Every structure is written in structure tokens, then in C-alpha cells.
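Novice:
Numbering (our numbering), first residue to last: 18 to 691.
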């Protein structure tokens, strides 16, 4: 059977299990006595081993098997966790992650695992005595007196028997099933898959005879056998299998196991068929979550196609609404209004389908912080808040690197060494807070540390050395303006280039990436108390609410998320400050920006009125007033790219097609606010 069709599923599930292992390892390191964490790690490792063995990635299966043996000793309280043991397990996980990356890039997932396998085996050997190994090896299956076959016929090794024994102790049915197909059955592999599919829904397949690979390739006569664990009754299992067509007979026997033999490392002998993934951990049989059948995996490309199709519908909806208003017939207007409500609900569902929690990105950082603090000899506690906050999948895929850079920067430049923190009366352990929260149509992500804060004198000195700041204006710069210099192109305060926080690359890379997503990033710092980086991101990149404005004969769209207010000012209310037109807006001096001048819109000869229409927009704490001719109104618009030939167009983030077929450019307010 061709396993390539399951490769994408294998990669996705492997990443999920590795993420779970990393998260639980960190919890275990902070709470070594919590066996619950060990069980969760063991469960993920056990499943990962079965999956990799089924897919034919032998190096991964072998390494996971050895790590599983160590985890089993810890789980059974035969081994005390030490820093060296944790490091060895972390190294194993890193190597497995490297294999998954290699497979993702088209490789075969092979790697030299001999060194780490040797280390893991040494850990196991230091705890197991020869007598225990001999005792474990002598475990046998005791067949029941009725309806049974000799134990040796099952050919179960002590590992598989240990799985069965633990399941039996939990009150589960441990059985040996023989399935016989009809003589005239043509698709034996398909029928066997259906049997496995049904069994996996009710319990756990421990071993098959012949091997799974032989069954999948129809290398068996009319029957195959299965060692199986389930909470269901034997009769229900029998009935379920017999309900599958072309099944001639099913015999089920209970397996009785001796209980006096000492436990051995638990390993699944033969993984379950690839179609359903490998079996779960041996402590309990596989259980289907109550909502397990209500979720499916959908390729992001399909969602993109769905979004694009709906985007066209939004354009047509706008056109219909306009026509309905022009024609003025009540029946038509009512129908269009109903369609608008339905399409609005559909839009919300489609957008929600694309939303995923930022947890997917945040979960990778505790492990990174754990490793870096060791390298830097610092003590840091990473606190994650709001990991359930949801963002569009396309944004999620892009923010990992910027956040990685900011966290490394906080750990390297922000948090002081334990000795330095002690000198100034701080706890030796520093704190980094990674927080996400919704506000309006935006998601904010905050990276906050309680470190030394930004040394503004050092920053200003570097900026002057590199010619980023004019010496004439340096003295008049506020603290916030100096802090913002960190985002200047090529700026870095690193004295020595290292891998910790960007190899001398400044935060301008972070700013560029965030702004390319339609967001913004700012920094605030108090010397001696810490630094906070605040990222603002749009909830979605595809459909946005915007205010349409008229500038001469052209129409522009201003994202509603950037607008504070729209207002009309008399010409005599406009003042001049530093050769810049400004207005007084609620006690604040706000500079005016003429869109006609910025975009060089041709004059249509219409005379100017005594009043000026202004859209007040903001970027963080800064504001500006966009001067337009008139306000058209608010509507949902579809954000379209300008294409590869129109890149880096100043103050334009894209375009949209209006209901009447006209194209309106979407203004990037961040570029217009200085």
C-alpha cells in the first residue's frame, strides 16, 4: 500500500505530538514529581513511534523507542529525574524534530542516532538489573481453559504482553481475535482495513498476525489475527466485525496473563494501520473523544480558494445593493437586504474557519527560552497569557520569526544576569511576559520583560555614529523617539555578533515583517524596570471594513480600524506649525495630510468649499488628519494585492473593486503618520 498518501497527515500529527512532548517536558522539569506529565509525554512518544514505524522511518522509530524506555522507567518510578536525563530526552526530541523537518523537505528522515541511543540505553541500563531483565523475559501468556490456543501460538513478546497486562489491570477486555474472510473476497486488503477501522474506533490494536504490512499487501490467506484491548463487550466487538460485508467468521478468546512478573519497558510491538494512525499509550485503550467525529483537517489552500470565491460574492453584493438603491423597488431592496444578511453570516463563518489560536506559535517559545537561559547563564520565567486568542492562519504563519526575535532580544539584552539583578534588589529570576489579546478589529501581542530597560544614551550614541540621527535634533528628542530608533534600518546595539538575538541584525526586520502584514510595532521602556514591545495585527487580511472617501474624481478606502473619527473643519480653523498645516482636535495638535498632494490627484476644476472634510487616523499614540473632498460611506471591501509589478507603492496597501466596477486604492495609514 502506498504510504505517500498519508505523508501530509503524518507530518502534521508528528508536529502536534512533538509540540505536546516539548510542553510537557518543560512542565515535568519544573515539577519532577508529577507522573501525570510523564504519562502525557509517554502517550505522545508511543503514538509517534507507531506512526513513524508504520511510515517506514526506522531511525525515528528506533530513537523514539529508546526514549520511550527511559520514560517508562520514570513513569513506573524506577528512575529519578535528573538534569542530565532531561537534557538527554530534550536532545532526542530535537533530533526527531530535525527528522520531521527533513521529511517535510522531501528527505527520508534518516539521521545518525547512535550517540543519543547509546546515552538513552545507558540510562536504562543503570536502573535495570540483570535479574529483572530475566524475570521480565520469562513472562508468558496463560491461555484460558476454554476456547483458547496455546500461548506460544500467539507469538507475543514480553513488551506486547506488558501492554496487555496493564490494560487488563485497568479493567479492560484483553482478547485475541481471528477474522476469516469469504473465500470469494476480491479486495482482502480493503476488508481488513475496514476491520481495523472499526476496531480502532472501540479500542487499541496491540499486535497482528501476520504483520500489518503483509495484511495491507494481501500477503495472507483467508484469515488474520489480532491482539486487542477494548472497554467494549466481546459480543459488541464480534457483532461490529460481522456487520462488515464479506466477513465469514469471527472468533474471540480472552487472554489471561500472569500478574506476578515485574514490569518491563512498554513498547508497541506492531503499530496500527497507517490509515487510522498508531495506537495510543498502553495505560488505557484508545477512546474517541465525544466530538472527535465533528472535526476535520482542511488544506489551507482550499480555504484560500473559498475566501477568494466569497470575495467575488462580496463585490457583487455591493453592486446589487447599489442597483437596488438606484431602482428603488421595495421588493428588490428587501431581497437584496436578506441576501446581504445571509452573505454576512457566511462571511463570518468563513473567516472563523481560517482563525487559529496563537497558541500554535506561542507553544514553541518555552522550550527556546529554556535552552537560551542555560546558554546565557540567566534565570528566566516565561509567562504566556491569552494563548487562546485567535488570528487568521495567514498571519499566524508569518509572526513566528518576529516574535522569536523579540523574545531572544528580551532575554539577551533585557534580562540581566542573576548577580546583576541581585545587586539592584531584584529577584534572581527574571520574567518575560508574552501576552495576546483582542481589541476591536485587531489582535495585540505584547512582549514584556522586567529587565534593565533601554539605555537611551547608548541608543542615541549608536544612532549618531551610524548617521541615523541628525546631531542638531538629537538633544530635542523625547525618550519615546529615542526608543523608536531601535527599529531603524541596520541599527543594532550588540557589541558582539551572536546567534542569540539576530547576529547583529536589528529590529528593523521585525518592523518590516509586521508592517507587511498590515500591522505596527512599538516599544516602551523604563530604565531599570523593563521594556515592552507591542505588536498590533489585523484579525484577517482578506476582507476589511473601510471608509470610502472621494478625492477629486478618485475614490480611496481608509481601513476602519485606523480611523478615530471623521469631521468637517472650517478653513479658518486650520493653523500652521513648523511649516505644516495642523488642526486642534480635542485639545491635541494634529498634522493634516492632503491625499490630493500625496497621490498627485489631478484637479477636476471644481471650486473648493469653505469647509474641509478630514479623516482622523492613528498609529499607536500618533495621529494625523487625512484631507479629502467628501465621505462616501462605510462598507466591507475585499483586499486585493497590487501584483508583483507594483511593489512598495508608498502609502498604498492594496486595492479593491467597488460595486460599480471601479477600483479604489486602500490607504496604508501607518505610512502617512510620522
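Ideal Cβ placement from N, Cα and C applies to all residues, glycine included. Note that the coordinates shown come from a computational prediction; the quantities given were computed from them, not determined experimentally.
1. Can you say whether residue 34 is buried or exposed, counting buried as having 16 or more other CB atoms within 10 angstroms of its CB?
2. Return the bridge partner residues of residue 398 from the DSSP annotation.
3. Please state if the CB of residue 681 and the CB of residue 569 are separated by a distance shorter than 8 Å.
4. For the putative contact between residue 467 and residue 547, defined by C-beta atoms under 8 Å, what is the C-beta separation to the nearest angstrom?
5. List in chain order: all unbroken alpha helix (DSSP H) runs of 4+ residues lying wholly within the region 558-643.
6. Can you give me the start and stop residues for the alpha helix (DSSP H) that residue 388 sits inside?
7. Measuring CB atoms only, is the region 332-340 touching the region 352-362, in the sense that at least three cross pairs come out at less than 8 Å?
8. Quick check for students: name the residue ranges of the beta strand (DSSP E) that lie wholly in the region 649-677, counting only runs of 3 or more.
9. Under 8 Å Cβ to Cβ from residue 24, same chain only, skipping five residues before and after it: list those, please.
10. For residue 372, does the three-state DSSP call read helix, strand or coil?
11. According to the neighbour-count rule (16 or more other Cβ atoms, all chains shown, within 10 Å of its Cβ), is residue 678 buried or exposed?
12. Once the 5 residues before and after residue 686 are set aside, which same chain residues still bring their CB inside 6 Å of it?
13. Return the CA-CA distance between residue 302 and residue 243, expressed in angstroms with no decimal places.
14. So is residue 592 buried or exposed if we call it buried at 16+ other beta carbons inside 10 Å?
15. Just reading off the beta strand (DSSP E) that residue 198 is part of, what are its end residues?
16. Take residue 64 as the anchor and find which of 82, 117, 435, 632 has the nearest alpha-carbon.
17. For residue 261, which residues from the same chain have a beta carbon less than 8 Å from its beta carbon, with the 5 sequence-adjacent residues on both sides left out?
18. Looking at chain C, is there any beta carbon in it that lies within less than 8 Å of the beta carbon of residue 321?
19. Please state whether DSSP places residue 49 in a helix, a strand or coil.
20. Sorted by chain position, which residues of the same chain lie with C-beta nearer than 7 Å to residue 263's C-beta, five sequence neighbours on each side aside?
21. Report buried or exposed for residue 617, applying the criterion of at least 16 other Cβ atoms within 10 angstroms of its Cβ.
22. Between the alpha carbons of residue 160 and residue 47, how many angstroms are there, rounded?
23. In the structure shown, what three-state DSSP assignment does residue 118 receive?
24. Let's test the definition: count the other Cβ atoms within 10 Å of the Cβ of residue 132 and tell me whether it reaches 16, buried, or not, exposed.
25. Per DSSP, which one or two residues make a beta bridge with residue 459?
26. For residue 124, count neighbouring Cβ atoms within 10 angstroms of its own Cβ and tell me buried if that reaches 16, exposed if not.
27. For residue 243, which three-state DSSP category applies?
28. Tell me which residue opens and which closes the alpha helix (DSSP H) that residue 417 is part of.
29. Look up residue 550 in the DSSP assignment and give the residues it is bridged to.
30. Do you know how far the Cα of residue 75 is from the Cα of residue 287?
31. Of all the alpha helix (DSSP H) runs that stay within the bounds of the region 63-123, which reach a length of 4 or more residues?
32. Please list the terminal residues of the continuous beta strand (DSSP E) segment that includes residue 680.
33. Which of the three DSSP states, helix, strand or coil, is assigned to residue 316?
34. Which parts of the region 343-372 are runs of the alpha helix (DSSP H), unbroken and 4 residues or longer, counting only runs that do not cross its ends?
35. Within a Cβ cutoff of 6 Å, which residues of the same chain sit near residue 530, ignoring the five residues on either side of it in sequence?
36. In this structure, does DSSP put residue 256 in helix, strand or coil?
Specialist: On the basis of the coordinates in this document:
1. Counting from 1 along the chain shown, the entry for residue 34 is found at position 17. Burial call: buried.
2. Here residue 398 refers to the residue found at position 381 when the chain shown is read from its first residue. Beta-bridge pairing links residue 398 to 448.
3. The sequence position of residue 569 within the chain shown is 552, counting from 1. The sequence position of residue 681 within the chain shown is 664, counting from 1. No, they are not a contact pair.
4. Stepping through the chain shown from its first residue, residue 467 is reached at position 450. Stepping through the chain shown from its first residue, residue 547 is reached at position 530. Correct: roughly 4 Å between the Cβ atoms.
5. 612-615
6. To locate residue 388, count along the chain shown from 1; it is residue 371. Per DSSP, residue 388 belongs to the alpha helix (DSSP H) from 382-393.
7. yes
8. 669-674
9. Taking the chain shown and counting its residues from 1, one reaches residue 24 at position 7. The answer, listed in chain order, is 72, 120.
10. The residue given as residue 372 occupies position 355 in the chain shown. The answer is strand: DSSP assigns residue 372 an E or B state.
11. Walking along the chain shown from the start, residue 678 turns up at place 661. With fewer than 16 Cβ atoms within 10 Å of its Cβ, residue 678 is classed as exposed.
12. Along the chain shown, read from residue 1 onward, the residue named residue 686 stands at position 669. Answer for residue 686: 579, 634, listed in chain order.
13. In the chain shown, the residue the question calls residue 302 occupies position 285. In the chain shown, the residue the question calls residue 243 occupies position 226. Residue confidence for residue 302 is low, a pLDDT of 35 falling below 50, so the modelled location carries little weight and cannot support an answer.
14. Start at 1 with the first residue of the chain shown, and residue 592 comes out as number 575. With fewer than 16 other Cβ atoms within 10 Å, it is exposed.
15. As a first step, residue 198 is located in the chain shown; it is residue number 181 there, counting from the start. Element bounds for residue 198: 190-198.
16. What you label residue 64 is simply residue 47 of the chain shown in a count that begins at 1. Nearest option by C-alpha distance: 82.
17. As a first step, residue 261 is located in the chain shown; it is residue number 244 there, counting from the start. Closer than 8 Å at the Cβ level, and outside the excluded window around residue 261, lie 208, 211, 212, 215.
18. Absence of chain C from the displayed structure is noted, only one protein chain being present.
19. Translated into positions along the chain shown, residue 49 becomes position 32. Residue state, collapsed to three classes: coil.
20. Position 246 of the chain shown holds residue 263. The answer, listed in chain order, is 198, 199, 202, 208.
21. Position 600 of the chain shown, counting from 1, holds the residue named residue 617. By the 10 Å Cβ count, residue 617 comes out exposed.
22. What you label residue 160 is simply residue 143 of the chain shown in a count that begins at 1. What you label residue 47 is simply residue 30 of the chain shown in a count that begins at 1. Confidence at residue 160 is low in this model, with a pLDDT of 34, below 50, so its placement is unreliable and the value that follows should be read with caution. The straight-line gap from Cα to Cα measures roughly 45 Å.
23. If you number the chain shown from 1, residue 118 lands on position 101. In this structure, residue 118 counts as helix in the three-state DSSP scheme.
24. By 1-based counting over the chain shown, the position of residue 132 is 115. When all chains shown are included, residue 132 counts as exposed.
25. Taking the chain shown and counting its residues from 1, the one referred to as residue 459 is at position 442. Looking at the DSSP assignment, residue 459 forms a beta bridge with 456, 555.
26. Here residue 124 corresponds to residue number 107 of the chain shown, with the count starting at 1. So residue 124 counts as exposed.
27. Translated into positions along the chain shown, residue 243 becomes position 226. Residue state, collapsed to three classes: strand.
28. Here residue 417 is taken as the residue at index 400 of the chain shown, counted from 1. Run containing residue 417: 410-426, per the alpha helix (DSSP H) assignment.
29. The residue given as residue 550 occupies position 533 in the chain shown. Partner(s): 464, 540.
30. Locating residue 287 in the chain shown gives position 270, counting from the first residue. Locating residue 75 in the chain shown gives position 58, counting from the first residue. With a pLDDT of only 30 at residue 287, under the threshold of 50, the placement of this residue in the model should not be trusted, and no figure is reported.
31. 75-92, 100-121
32. Walking along the chain shown from the start, residue 680 turns up at place 663. Its beta strand (DSSP E) spans residues 680-684.
33. On the chain shown, residue 316 is found 299 positions in, with the first residue counted as 1. DSSP places residue 316 in coil when its eight states are reduced to three.
34. 347-370
35. Walking along the chain shown from the start, residue 530 turns up at place 513. 419, listed in sequence order.
36. Walking along the chain shown from the start, residue 256 turns up at place 239. Residue state, collapsed to three classes: helix.
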